[in-house]
Every structure is written in structure tokens, then in C-alpha cells.
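Single-structure report; data block below.
Number of protein chains: 2
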Amino acid sequence: MSEVIPLKILDSARCGAKDSFCNQCKVRKRSFCSALDDVEIGELSAISSQKTYHAGETIFEEAAKISRFANIIEGTVKLSKLLPDGRQQITGFLFPGDFVGKIYSENHTTFVEAVTKTQICTFAQGSLENLLERHPHLTRRLFGLSNQSLERAEEWMLLLGRKTAREKIGSFLLLLSQRASERGDDPDNIHLAMGRADIADYLGLTIETVSRQISKLKTEQVIRLGAGNIVHLNDREALQELAEGA
Amino acid sequence: MSEVIPLKILDSARCGAKDSFCNQCKVRKRSFCSALDDVEIGELSAISSQKTYHAGETIFEEAAKISRFANIIEGTVKLSKLLPDGRQQITGFLFPGDFVGKIYSENHTTFVEAVTKTQICTFAQGSLENLLERHPHLTRRLFGLSNQSLERAEEWMLLLGRKTAREKIGSFLLLLSQRASERGDDPDNIHLAMGRADIADYLGLTIETVSRQISKLKTEQVIRLGAGNIVHLNDREALQELAEGA
DNA sequence: CGGGCTCTTGACTCAGCTCAAGATTTGTGG
DNA sequence: CCACAAATCTTGAGCTGAGTCAAGAGCCCG
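Quick note, the sequences are listed as chains A and W, same order. For the first sequence, my numbering gives the first residue as 136, with consecutive numbering after it. For the second sequence, my numbering gives the first residue as 136, with consecutive numbering after it.
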């Protein structure tokens with residue numbers, strides 16, 4: 136979180152300028168914006184604005200009317216759904232470069248909340264959808280991302296409905312590792328930005344079960360816990376087998 | 136299933152003709168094709184062809200390269216994912232009017248299998264994606280359907296991760312009822328096209344638990360089981376409360 | 001009308017939950 | 001930099017909802 140660009144600098148770099156903020160954005164190459172070239176990106180810059188949230192702050196309310204989309208620049212975000220009595224299911228975690236929102240939809244369908252201090256780049260719904268009309272390849276890119284979200288959701292349904300607690304923890308660690316590697320981070324020393332409660336709500340478990348399973352993997356030397364919520368994956372092979380019930 | 140149009144008639148009505156098959160298609164108004172007017176639909180007709188599958192037949196293999204998309208005309212279809220040891224999770228059921236396939240994706244991500252005798256209308260990937268370039272409103276429609284799938288997946292993650300067996304069965308019956316009503320069928324007398332095993336694999340339960348919970352609802356007079364796998368919803372209110380844990 | 005399904009029901013087991021302490025980490029003010 | 005309160009995490013003991021195993025009841029369909 137120490138690398139979050141202070142808001143002041145962001146504000147002075149507000150988009151719309153020829154020399155757009157986007158061109159020096161640290162997630163430019165990884166996010167949906169990479170579908171636009173250096174000239175086209177100016178149009179996106181022109182309709183974007185940045186915002187920072189503290190850990191725990193709500194970014195979008197569940198069922199709220201969609202008015203803006205967002206791109207995560209820095210931080211970790213969770214998407215969740217609630218039952219009337221307070222039971223929670225986290226449907227996904229988002230990381231830098233990830234897109235938030237459903238194109239051509241009326242309403243949000245999940246809570247969107249900052250897990251850590253988070254910096255996002257937002258676009259008004261109309262402006263972005265208007266931009267899509269003129270750039271079919273951008274539409275295709277966002278359609279692709281939407282499909283990717285669906286694939287991840289399907290994979291998670293398999294986990295929630297059919298995997299054991301041990302398999303769930305294994306799968307979770309591998310997912311974080313894979314996503315870290317996509318971002319260019321070290322896949323063997325992963326940072327757990329979220330607490331046990333969020334992990335439990337993501338895996339359909341209780342915090343006690345999460346804690347016990349992690350302790351067990353530690354005892355078995357499959358993982359090692361370091362300072363600053365770092366998990367070292369000692370034995371990726373073992374983790375992979377365990378995640379699918381071998 | 137008695138209303139399935141015999142293949143012979145279908146073949147003679149093959150699309151491409153001015154007076155397209157689509158214009159007399161029984162799911163025309165409900166499926167993605169409704170985004171096209173009576174002239175435009177001719178283009179879709181020209182690239183479509185029909186096919187029938189028997190119960191249990193595979194329509195698309197998991198992880199297979201996408202070469203065709205499909206629209207369900209008649210029957211019930213299941214989407215599922217498997218673990219190496221055979222555990223199965225059904226990620227969704229599809230009904231007449233539903234679209235199958237991920238636009239702008241490389242591969243399928245689930246098995247697609249006929250639950251009952253099923254009739255589909257298929258389109259070659261390239262042809263349909265080509266059509267999308269010329270009809271942005273069709274793209275928007277399919278994007279909307281993709282979002283709807285994602286919303287349903289999120290809802291199901293909440294069910295799989297956080298609901299009790301009783302709540303799961305209640306939610307399942309209400310889902311079938313809602314989908315039946317969208318199709319213009321009676322929402323209070325729903326047809327269970329799938330067996331207990333498929334219900335169990337959809338809800339993350341065992342067949343015994345599914346059977347016990349259904350029996351319990353029957354004893355409590357919330358539902359009544361009729362001939363031909365019909366479930367009568369006697370008390371929709373009770374079902375609704377029970378589905379969310381009231 | 002009989003063989004092979006699927007579905008139901010019962011008895012028992014167990015993975016993961018609940019409840020309850022402690023231990024560790026984090027944040028805060030002096 | 002330390003003390004100490006609050007929050008989070010770990011661990012233990014016992015419980016329970018759903019799973020497993022097993023037997024019997026319906027119900028197609030030839």
C-alpha cells in the first residue's frame with residue numbers, strides 16, 4: 136500500500152490532457168484499456184477520474200443503479216452478497232487491473248468494498264458505453280472479461296458445492312498465487328490482503344475451519360507463514376494435488 | 136416433450152429462405168433473436184441449423200474449442216463441471232429460449248448435456264460473431280444475457296456457500312417456478328425435468344438429503360407432488376421465507 | 001408382470017460448526 | 001519506544017446437519 140500515488144498528484148494529472156494520465160498508469164498494460172492504442176486512450180483518459188477508498192469503505196452498493204464503472208489501480212476489493220440474517224458470501228476478490236461493473240446492465244448485483252486502501256479509476260456509464268460504440272475491439276475486450284468472470288464463478292461453484300475444507304484452502308492459495316503471477320508479482324510468496332473472516336466468506340467456511348486448515352498445511356510444511364501476512368508456498372505440487380482431491 | 140417438432144419438418148423448413156424458419160420459431164420472442172427485426176432475422180436464419188439430442192447426450196464437451204453457439208428451442212439442458220474423482224457440480228440448467236456459449240471466447244468451460252430430449256438451433260462461431268459486427272444491438276443483447284448468467288452464478292454461490300439444505304431446496308423450487316413463468320408456463324405447477332441426482336449436483340447436496348427435504352416440504356403441505364414429476368406449490372409465501380432463512 | 005431403474009426412509013457416522021479460552025498482532029497514546 | 005487495549009487469529013472440546021451405508025418401495029417400459 137506504500138506505493139499508492141497520493142491524491143494530489145492524481146488530481147493534477149487528471150485526464151483529458153493530450154499527455155494523458157493513462158499513459159503513465161501502472162495497470163495500463165494489464166487492464167481493459169490495453170485494447171486501445173496510444174491515440175485512442177486519450178478518449179478514455181478524457182472520461183476518467185480517480186478516487187481513493189480506505190479499507191472497509193463501500194465502493195458500490197448492492198442493487199444500486201449503475202452510474203459508473205471502475206478499474207482498480209491499487210489495492211484489493213471484494214464483491215459480496217448477503218442473506219437477510221447477515222450470512223455473507225464473497226463472490227470474488229478484485230486486484231489491480233481488474234474491471235468493476237456490468238456493461239449494458241441496469242443495476243449492480245453485489246456489494247463492492249475495499250479490503251485494503253484502494254485506488255480506482257472510474258468512468259461514467261454513458262460515456263464508456265458511448266465509447267464502446269466507436270471501438271468494437273474495446274467491446275470485445277470487455278465481453279471477454281465478462282466471460283472470464285463467469286468462468287471464475289463457475290469454477291467457484293464447483294469449489295463451494297463439492298470441495299472439502301482442505302481442498303478449498305488449497306484452491307484458494309493457488310488462485311491467489313495465479314492472480315499474483317498475472318500481475319507480475321511473485322507467485323510463491325503471496326500476500327494475504329484479507330482477514331480470515333473474508334477468506335471464510337469466500338470459501339463457504341467458518342474462520343475457525345480456515346485457521347485450522349491453514350495451520351495444518353503449515354505443520355505439513357506445504358506452506359510457511361511469514362511477516363506481513365505473507366504465505367510462502369513451499370510445495371506447489373502438493374498444493375495442486377490437494378486442491379483437486381488427490 | 137410431446138410438442139417437439141419432428142426433425143423432418145425442421146429440415147424442410149431449414150433457414151436461409153426468405154420466409155425464414157425463425158419467423159415461426161416458438162422461442163423467437165423470448166430468445167436473443169428478438170433483438171433482430173423481421174428483415175434482419177433473415178440473416179440469422181441463413182446461418183442457423185437445427186439439431187435434436189436425446190436425454191443424456193452431450194451437446195458440447197467441457198474445454199472443447201468453441202465452434203458453434205446454440206439456442207435452445209425445446210427441452211432442458213444442464214451445464215456442469217467435474218472433479219478428477221467424479222464429483223460433479225451443475226452450474227446451471229437451461230430452458231427453451233436460452234443461449235448456449237461464450238461469445239468471443241476460445242473454449243467451452245462446462246459440459247453441456249441434454250437432460251431431456253432437446254432441440255437446439257445452432258450457429259457457426261464465425262458467422263454469428265460476424266453478424267454481431269453489423270448489428271451492435273444484437274451484441275448488446277448477448278452482452279446482457281452474459282451478465283444475466285453471471286448474476287445467476289453469483290446468486291448460486293451465495294446458495295452453495297451459505298444456505299442450509301432446506302433453504303437450498305426452497306430456492307431451487309422458486310427458481311424453477313420463476314423460470315417457468317418467464318417462459319409463459321404455470322409457475323405454480325412446475326415440471327421437474329431432472330432427477331434427484333441432478334438436483335443434488337446443482338445444490339451441492341446428496342440425493343438422500345434432497346429426497347428428505349422434499350418429503351419434509353410435502354409433509355408440511357408447502358408443496359404437493361403430482362403425476363409426471365409435477366410439483367405443485369401450495370404455499371409460495373412459505374417457500375419464499377424458507378428460501379432466505381426466515 | 002418382472003427386471004432395472006429411481007426414489008424414499010432409517011440408522012449411524014463424521015466433517016465442519018459452535019462455543020469457549022488463550023495467544024498473537026495491531027493500533028494508540030503517553 | 002513502550003504499555004496496554006482492541007481486534008484478530010489459533011486451538012480445544014463437544015455438537016449437529018448433512019453424508020454414508022443399507023434396505024425397501026415405487027415406477028416405468030418392454
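Built from N, CA and C at the ideal position, the CB exists for glycine as well. Quick caveat, the model's predicted, so the values are computed rather than measured.
Assignment of A/CYS256 by DSSP, reduced to helix, strand and coil, places it in the strand class.
The Cβ-Cβ distance between W/ILE207 and W/ASP172 does not fall below 7 angstroms.
Beta bridge pairing from DSSP links A/PHE156 with no other residue.
Listed along chain W are GLU268, each with a C-beta nearer than 7 angstroms to that of A/PRO271. Sequence-distant Cβ neighbours of W/PHE246 in its own chain, meaning closer than 6 angstroms and more than five residues away, are GLU197 and SER215.
What W/GLU289 touches in chain A, judged by beta-carbon distance under 9 angstroms, is LEU214, LYS216, GLN224, THR226, GLY227, THR244, THR245 and ALA288, going in chain order. At a cut-off of 7 angstroms between beta carbons, W/GLY236 makes no contact with chain A. Counted as a single uninterrupted DSSP element, the alpha helix (DSSP H) harbouring W/HIS272 occupies residues 271–297. DSSP places W/ARG359 within a strand segment (E or B) once states are collapsed to three.
Every beta strand (DSSP E) stretch that sits fully inside the stretch 196–229 of chain A and reaches 3 residues is listed by chain position as 203–209, 212–217 and 223–229. Annotation: Cβ neighbours of A/GLU379 in chain W (cutoff 9 angstroms, chain order): LEU218, PRO219 and ASP220.
Residue state for W/SER180 is assigned as helix, using DSSP reduced to three classes.
Cβ-Cβ distances below 6 angstroms link W/VAL162 to ILE208, PRO231 and GLY232 in the same chain, with the five nearest sequence neighbours on each side left out; the list follows chain order. The C-beta separation of W/MET329 from W/VAL250 comes to about 5 angstroms, placing the pair in contact by the 8 angstroms criterion. Interface residue (Cβ-Cβ distance to chain A less than 7 angstroms): W/PHE278 is classified as such. Within chain W, the residues whose beta carbon sits less than 7 angstroms from that of A/ARG275 are TYR239, listed in sequence order. Boundaries around W/ALA249 are those of the beta strand (DSSP E), 246–249, since no alpha helix (DSSP H) includes it. For W/ARG297, the closest Cβ of chain A is nearer than 7 angstroms. Interface residue (Cβ-Cβ distance to chain A less than 7 angstroms): W/MET329 is not classified as such. Rounded to the nearest whole angstrom, the C-alpha separation of W/ASP321 and W/SER202 is 36 angstroms. For the stretch 320–350 of chain A, the beta-carbon criterion of a distance under 7 angstroms to any beta-carbon of chain W is satisfied by GLY339. When rounded, the separation of the alpha-carbon atoms in W/LYS252 and W/GLU192 is 9 angstroms. Closer than 7 angstroms to the CB of A/SER281 there is at least one CB belonging to chain W. In this structure, the straight-line span from the alpha carbon of A/GLU376 to that of A/ALA190 is close to 34 angstroms. If you compare the alpha carbons of W/LEU340, W/HIS367, W/SER166 and W/LEU263 with that of W/GLY296, the shortest gap goes to W/LEU340. Taking all protein chains shown into account, W/SER350 has fewer than 16 neighbouring C-beta atoms within 10 Å of its C-beta and is therefore exposed. In this structure, A/TYR337 is the residue among A/TYR337, A/LEU293 and A/MET292 with its C-alpha nearest to the C-alpha of A/LEU308. At a cut-off of 7 angstroms between beta carbons, A/LEU171 makes no contact with chain W. Here W/ILE365 is exposed. Its C-beta has fewer than 16 other C-beta atoms within 10 Å. Under DSSP, W/THR354 takes part in no beta bridge, so it has no partner.
At the C-beta level, A/LYS237 and A/ILE225 stay beyond 7 angstroms of one another.
For A/LEU374, no Cβ of chain W is located within less than 7 angstroms of the residue's own Cβ.
A Cβ-Cβ contact shorter than 7 angstroms links A/THR257 with A/SER184.
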